[in-house]
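J.: Okay, handing you the structure first.
Number of protein chains: 2
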Amino acid sequence: MQKNLLQGFKVLDFTHVLAGPTATRLMAEMGAEVIKVEFPPVGDISRLLPVQKNGRSAYYVQQNRGKRSLCVNLKTPEGKALIHDLIKEVDVVVENFSPGVAARLGIGWDAVHALNPRVVMCSISAFGQTGPLSALPGFDYIAQAYAGVTGMIGEAEGAPMLPMLGLGDVNTGVHAACAIGFALLHRERGGQGQYLDISLLDAYAHCHEMNVAMYSLTGNSPTRAGNHHYAVCPLGLFKGKQRYLCIITLENQWPALCEAMGQAALAKDPRYNSNANRCAHADEVIALIQAWVDSIPSDDEVLSILENAHVPCAPVLSIRELVEHPHMQLRGTMRAVDDEKLGNFTTPGMPLRFSEFPHNVSLQASHLGADNASVLGELLGYDAARIAALQAAGILFSNPDT
Amino acid sequence: MQKNLLQGFKVLDFTHVLAGPTATRLMAEMGAEVIKVEFPPVGDISRLLPVQKNGRSAYYVQQNRGKRSLCVNLKTPEGKALIHDLIKEVDVVVENFSPGVAARLGIGWDAVHALNPRVVMCSISAFGQTGPLSALPGFDYIAQAYAGVTGMIGEAEGAPMLPMLGLGDVNTGVHAACAIGFALLHRERGGQGQYLDISLLDAYAHCHEMNVAMYSLTGNSPTRAGNHHYAVCPLGLFKGKQRYLCIITLENQWPALCEAMGQAALAKDPRYNSNANRCAHADEVIALIQAWVDSIPSDDEVLSILENAHVPCAPVLSIRELVEHPHMQLRGTMRAVDDEKLGNFTTPGMPLRFSEFPHNVSLQASHLGADNASVLGELLGYDAARIAALQAAGILFSNPDT
Numbered sequence: 001m002q003k004n005l006l007q008g009f010k011v012l013d014f015t016h017v018l019a020g021p022t023a024t025r026l027m028a029e030m031g032a033e034v035i036k037v038e039f040p041p042v043g044d045i046s047r048l049l050p051v052q053k054n055g056r057s058a059y060y061v062q063q064n065r066g067k068r069s070l071c072v073n074l075k076t077p078e079g080k081a082l083i084h085d086l087i088k089e090v091d092v093v094v095e096n097f098s099p100g101v102a103a104r105l106g107i108g109w110d111a112v113h114a115l116n117p118r119v120v121m122c123s124i125s126a127f128g129q130t131g132p133l134s135a136l137p138g139f140d141y142i143a144q145a146y147a148g149v150t151g152m153i154g155e156a157e158g159a160p161m162l163p164m165l166g167l168g169d170v171n172t173g174v175h176a177a178c179a180i181g182f183a184l185l186h187r188e189r190g191g192q193g194q195y196l197d198i199s200l201l202d203a204y205a206h207c208h209e210m211n212v213a214m215y216s217l218t219g220n221s222p223t224r225a226g227n228h229h230y231a232v233c234p235l236g237l238f239k240g241k242q243r244y245l246c247i248i249t250l251e252n253q254w255p256a257l258c259e260a261m262g263q264a265a266l267a268k269d270p271r272y273n274s275n276a277n278r279c280a281h282a283d284e285v286i287a288l289i290q291a292w293v294d295s296i297p298s299d300d301e302v303l304s305i306l307e308n309a310h311v312p313c314a315p316v317l318s319i320r321e322l323v324e325h326p327h328m329q330l331r332g333t334m335r336a337v338d339d340e341k342l343g344n345f346t347t348p349g350m351p352l353r354f355s356e357f358p359h360n361v362s363l364q365a366s367h368l369g370a371d372n373a374s375v376l377g378e379l380l381g382y383d384a385a386r387i388a389a390l391q392a393a394g395i396l397f398s399n400p401d402t
Numbered sequence: 403m404q405k406n407l408l409q410g411f412k413v414l415d416f417t418h419v420l421a422g423p424t425a426t427r428l429m430a431e432m433g434a435e436v437i438k439v440e441f442p443p444v445g446d447i448s449r450l451l452p453v454q455k456n457g458r459s460a461y462y463v464q465q466n467r468g469k470r471s472l473c474v475n476l477k478t479p480e481g482k483a484l485i486h487d488l489i490k491e492v493d494v495v496v497e498n499f500s501p502g503v504a505a506r507l508g509i510g511w512d513a514v515h516a517l518n519p520r521v522v523m524c525s526i527s528a529f530g531q532t533g534p535l536s537a538l539p540g541f542d543y544i545a546q547a548y549a550g551v552t553g554m555i556g557e558a559e560g561a562p563m564l565p566m567l568g569l570g571d572v573n574t575g576v577h578a579a580c581a582i583g584f585a586l587l588h589r590e591r592g593g594q595g596q597y598l599d600i601s602l603l604d605a606y607a608h609c610h611e612m613n614v615a616m617y618s619l620t621g622n623s624p625t626r627a628g629n630h631h632y633a634v635c636p637l638g639l640f641k642g643k644q645r646y647l648c649i650i651t652l653e654n655q656w657p658a659l660c661e662a663m664g665q666a667a668l669a670k671d672p673r674y675n676s677n678a679n680r681c682a683h684a685d686e687v688i689a690l691i692q693a694w695v696d697s698i699p700s701d702d703e704v705l706s707i708l709e710n711a712h713v714p715c716a717p718v719l720s721i722r723e724l725v726e727h728p729h730m731q732l733r734g735t736m737r738a739v740d741d742e743k744l745g746n747f748t749t750p751g752m753p754l755r756f757s758e759f760p761h762n763v764s765l766q767a768s769h770l771g772a773d774n775a776s777v778l779g780e781l782l783g784y785d786a787a788r789i790a791a792l793q794a795a796g797i798l799f800s801n802p803d804t
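Here it is as structure tokens:
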């Protein structure tokens, strides 16, 4: 009986920081054996990121629970040989260096494929492995700006705004895991390994469900529009007594909102009786709803009235409120992680839920090089003396204070 | 020889609008046979969304290329029987109704699983299938507000801002496709079908790479911070002559930025010599960089200087600039779609790239019910007379003007 979905699959993971580690973390959560390869002396630089406690980074722990840490100097011939031997033993290789770096380290697709034709290799980068931008250094927000996403956030006449979370990196990691899963499916059906080229830019650009086609077909380039949508009305944020409230109605919910506001006649008003007409009178519609919200004594009452009328609505929650919300706790959308150095803290839950396998499995993060001996012993048959010699020669490295 | 990755897989697709159709569109792009089930008289309501031309919605076409359209009245016994027969023939069922609706329509997991134990079924919803919020109606921005995402976008002292694109829906669709791929892999290895519960809320909450742990470990709830990051400096938007520019340096790039600005000494200034120190003097760091940007005659020159110094930077592109950018065209990050009614227009490209299969395959969208006869003929052996009778009885429906 399989304990988890990916039991038996081995992943050699050369990723760092966020997009790459998200892809391999999802696989670790599904039960794959993920061997994270780190370089001395620091390893994944996210080990230095906040929040730190007892020498341990919560950022690192969140993205790397369930992975073994192998810390090896890839610039030595012995280090490279050891990695090449491991490549022969695994199903998946993932890296998120800048394009070209993996090849220079001897772990580019050509080398990996020659060593093991069954390997699925996934490269994750800001702009992709080819094209005029590919050589530029990039992070989440760099690709976000190029993808036309940043420009679509903020007041119409004001500066664009940055979302203060890793929307691009995390979702690019999900795109990568998705591609890896389908490539493994292909292999399981008799196919060979293959190479996957996943980028932040492609993943961000993918999210324009309407903007690109709108420009292309009308010649009008959509622009940012504050906190009310430019093509659906009402769809936006209203100022409550304690917080902002999101209220949305599509065609079928608009009459319910009018009735909930005690102004049922508005639903048939020719100025407001279709989304197109409401968009044409958006300022009036927004003012009408804001005036109603202003007239209700509390936000809870606004939400309660709208929920009873089946009008989609939401409080704009703070991080604190998200973490402590009963739904998030009950569903495991937020989960407690128990780390040996950080103690108990909360991270987002596993977003993929499978009826046949456990959700939010308990997994630990490794200190730098914690698994050198066990990985090389189990996969390559190295004995203790050989591992000690490699460690003494600086080819293997570990740091229990991480 | 397989023409595409998912050749031979059949998907029965009960999804509408965006998150669900994204999941099945990705599978169609990978070669799966996707049968989109729509209900008379309108079908997927996104057929009514803009941009419209010749009675056709570009929104619908973008999310539904490569799918066959079967339009059937599921509230008739014959319609339901026909769908139940199809469930026996497919590998995957996907739906994104509000929780409970699929069961009431006779296509809940219990019914589907009883009909075909090998089916992988994926439900996509705003809040998930269980928990106190699950019964509430929800869209992208509703889950975004609950997930603490909306609250992290905008000026610290101002209102939260809405990103004007479907970040949540599209990425939730990718999460769903990812889960489906791994569940099919499990089945291919000898496992049975299973049920996947994917939600916008989980997918959005998943993106807090740092905020949740930071609140949990420090007791301080992070807040939105405009267009400069609260924990990395410099990471933000600067005002150029023609546009905003994103500039980011981590520890290893800061000296290069100082040198590029002609102020190499800043790199060793004790106020600015670490990210923590720069964050403590963020206003000064931002002002220094802005003053330098102001001193350069053009944005192109700013970008050119920074690119030559290997400092991550980007112009904040408009939708028009995104669509027309050479990199996007060359890479297929933007692609031309040729639709019989809309003509030629641009959509985002397929974000998953497989070395062994073609990228951005040419696919057409179907008008409502276009494939009634071929689907029922091929999968269930219905002859023309039987299909004509069902059509005459209003159990099947089609509309070539869509």
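Sequences listed follow chains A and B, in order. To convert, note that position 388 of the first sequence is 388 in the numbering used here; the numbers rise steadily by one, no gaps. If you count the second sequence from 1, you need to add 402 to reach the numbering used here. Note that the Cβ used here is the ideal one computed from N, Cα and C, for glycine as well.
1. Please check if any C-beta of chain A sits within less than 7 angstroms of the C-beta of residue 722(B).
2. Across which residues does DSSP place residue 745(B) in a beta bridge pair?
3. Quick check: residue 731(B) and residue 213(A), are their CB atoms within less than 7 angstroms of each other?
4. From the DSSP output, read off the bridge partner residues of residue 240(A).
5. What ranges does the alpha helix (DSSP H) occupy inside the region 56-80 of chain A, keeping only unbroken runs of at least 4 residues that lie completely in it?
6. Across the region 521-534 of chain B and the region 549-567 of chain B, are there enough close Cβ pairs to call them in contact, namely three or more that are closer than 8 angstroms?
7. For the putative contact between residue 677(B) and residue 635(B), defined by C-beta atoms under 8 angstroms, what is the C-beta separation to the nearest angstrom?
8. Should residue 108(A) be flagged as near chain C, meaning a C-beta pair shorter than 7 angstroms?
9. Decide yes or no for the touch test of the region 476-496 of chain B against the region 505-513 of chain B: beta carbon pairs closer than 8 angstroms, at least 3 of them.
10. Starting from residue 322(A) and walking both ways along the alpha helix (DSSP H), at which residues does that stretch end?
11. Go ahead and pull the three-state DSSP assignment for residue 756(B).
12. From which residue to which residue does the beta strand (DSSP E) around residue 439(B) run?
13. Do you know how far the Cα of residue 200(A) is from the Cα of residue 709(B)?
14. Thinking C-alpha only, which one of 173(A), 167(A), 141(A) and 89(A) is nearest residue 377(A)?
15. When the distance is taken between beta carbons, is residue 193(A) closer than 7 angstroms to residue 18(A)?
16. Mind pulling the chain A residues with CB within less than 7 angstroms of residue 725(B)?
17. Any chance the region 616-635 of chain B sits against the region 216-236 of chain A, with 3 or more Cβ pairs inside 8 angstroms?
18. Give me the chain A residues within the contact set of residue 443(B), using Cβ-Cβ distance strictly less than 7 angstroms, ordered along the chain.
19. With a cut-off of 8 angstroms, do at least 3 Cβ pairs link the region 425-436 of chain B to the region 499-506 of chain B?
20. Using the beta-carbon count (16 or more within 10 Å), is residue 469(B) buried or exposed?
21. Pull the bridge partners of residue 526(B) from the DSSP assignment, please.
22. Quick one: is residue 746(B) buried, meaning 16 or more other Cβ sit within 10 Å of its Cβ, or exposed?
23. Would you list the residues sitting across from residue 630(B) in a DSSP beta bridge?
24. Which term fits residue 271(A), buried or exposed, when burial requires 16 or more other beta carbons within 10 angstroms of its beta carbon?
25. In angstroms with no decimal places, state the Cα-to-Cα distance between residue 323(A) and residue 548(B).
26. Report the residues of the region 221-233 of chain A with a CB closer than 8 angstroms to any CB of chain B, ordered along the chain.
27. Reducing DSSP to helix, strand and coil, say where residue 165(A) ends up.
28. Closer than 7 angstroms, CB to CB, is residue 567(B) near chain A or not?
29. Can you tell me whether residue 251(A) is buried or exposed, with buried defined as 16 or more other CB within 10 angstroms of its CB?
30. Determine the chain A residues that contact residue 728(B) at a beta-carbon separation under 7 angstroms, and present them in chain order.
31. In the DSSP assignment, the alpha helix (DSSP H) including residue 704(B) goes from what residue to what residue?
32. Note down, in chain order, every chain A residue with its Cβ under 7 angstroms from the Cβ of residue 548(B).
33. Got a sec: is the Cβ-Cβ distance from residue 269(A) to anything in chain B below 7 angstroms?
34. Can you confirm whether residue 197(A), when its beta carbon is compared against all beta carbons of chain B, has any partner nearer than 7 angstroms?
35. Thinking residue 805(B) and residue 318(A) are a contact (beta carbons under 8 angstroms), I'd like their distance in whole angstroms, please.
36. Just to confirm, is the Cβ distance from residue 493(B) to residue 405(B) under 7 angstroms?
T.: Taking the coordinates as given:
1. Along the second sequence, read from residue 1 onward, the residue named residue 722(B) stands at position 320. It does; some Cβ of chain A falls within 7 angstroms.
2. Walking along the second sequence from the start, residue 745(B) turns up at place 343. DSSP, once it has assigned bridges, lists 741(B) as partnering residue 745(B).
3. On the second sequence, residue 731(B) is found 329 positions in, with the first residue counted as 1. On the first sequence, residue 213(A) is found 213 positions in, with the first residue counted as 1. No, Cβ-Cβ distance for residue 731(B) and residue 213(A) is not below 7 angstroms.
4. Indexing the first sequence from 1 puts residue 240(A) at position 240. As DSSP reads the structure, residue 240(A) sits in no beta bridge.
5. For the region 56-80 of chain A, whole alpha helix (DSSP H) runs of length 4 or above, ordered along the chain, are 58-64.
6. No: fewer than three Cβ pairs fall under 8 angstroms.
7. The residue labelled residue 677(B) in the question sits at position 275 within the second sequence. The residue labelled residue 635(B) in the question sits at position 233 within the second sequence. Going by Cβ atoms, the distance from residue 677(B) to residue 635(B) rounds to 6 angstroms, so yes, they are a contact pair.
8. Looking at the structure shown, chain C is missing, and the protein chains on hand are A and B.
9. In short, these stretches touch, since the Cβ pair count reaches three.
10. One-based indexing of the first sequence puts residue 322(A) at position 322. Counting along the chain, residue 322(A) sits inside the alpha helix (DSSP H) bounded by residues 319-324.
11. Indexing the second sequence from 1 puts residue 756(B) at position 354. Per DSSP, reduced to three states, the secondary structure at residue 756(B) is strand.
12. As a working note, residue 439(B) is residue 37 in the second sequence. Counting along the chain, the unbroken beta strand (DSSP E) around residue 439(B) starts and ends at 435-440.
13. By one-based count along the second sequence, residue 709(B) stands at place 307. By one-based count along the first sequence, residue 200(A) stands at place 200. So the two alpha carbons sit approximately 19 angstroms from each other.
14. Along the first sequence, one-based indexing puts residue 377(A) at 377. It is 89(A) whose Cα lies nearest to the Cα of residue 377(A).
15. By one-based count along the first sequence, residue 18(A) stands at place 18. By one-based count along the first sequence, residue 193(A) stands at place 193. It is not a contact, given that the beta carbons lie outside the stated cut-off.
16. Numbered from 1 along the second sequence, position 323 holds the residue referred to as residue 725(B). Residues of chain A passing the Cβ test: 212, 215 and 216.
17. With the cut-off at 8 angstroms, the region 616-635 of chain B and the region 216-236 of chain A do not touch.
18. Counting from one through the second sequence, the residue named residue 443(B) turns up at place 41. For a Cβ distance threshold of 7 angstroms, nothing in chain A lies close to residue 443(B): the least Cβ distance comes to about 15 angstroms.
19. Touching, no.
20. Here the question's residue 469(B) lines up with position 67 in the second sequence. Buried.
21. To locate residue 526(B), count along the second sequence from 1; it is residue 124. 600(B).
22. As a first step, residue 746(B) is located in the second sequence; it is residue number 344 there, counting from the start. Per the 10 Å Cβ criterion, exposed.
23. Taking the second sequence and counting its residues from 1, one reaches residue 630(B) at position 228. According to DSSP, residue 630(B) bridges with 638(B).
24. What you label residue 271(A) is simply residue 271 of the first sequence in a count that begins at 1. That one is exposed.
25. Counted from its first residue, the first sequence places residue 323(A) at position 323. Counted from its first residue, the second sequence places residue 548(B) at position 146. So the alpha carbons of these two residues sit roughly 10 angstroms apart.
26. So the list reads 221, 222, 223, 224, 225, 226, 227, 228, 229, 230 and 231, given in the order they occur along the chain.
27. Here residue 165(A) corresponds to residue number 165 of the first sequence, with the count starting at 1. DSSP, reduced to helix, strand and coil, places residue 165(A) outside both helices and strands of the structure shown, so it counts as coil.
28. Taking the first residue of the second sequence as 1, we reach residue 567(B) at position 165. With 7 angstroms as the cut-off, residue 567(B) counts as an interface residue toward chain A.
29. Translated into positions along the first sequence, residue 251(A) becomes position 251. Result: exposed.
30. On the second sequence, position 326 is the one that residue 728(B) refers to. What residue 728(B) touches in chain A: 132.
31. Position 302 of the second sequence, counted from the start, is the residue given in the question as residue 704(B). Counting along the chain, the unbroken alpha helix (DSSP H) around residue 704(B) starts and ends at 701-710.
32. Taking the second sequence and counting its residues from 1, one reaches residue 548(B) at position 146. In chain order: 314 and 317.
33. Walking along the first sequence from the start, residue 269(A) turns up at place 269. So, not an interface residue.
34. Stepping through the first sequence from its first residue, residue 197(A) is reached at position 197. At a cut-off of 7 angstroms between beta carbons, residue 197(A) contacts chain B.
35. Not covered by the structure: residue 805(B). The range shown for chain B is 403 to 804.
36. In the second sequence, the residue the question calls residue 493(B) occupies position 91. In the second sequence, the residue the question calls residue 405(B) occupies position 3. If you check the CB distance, residue 493(B) and residue 405(B) do not come in under 7 angstroms.
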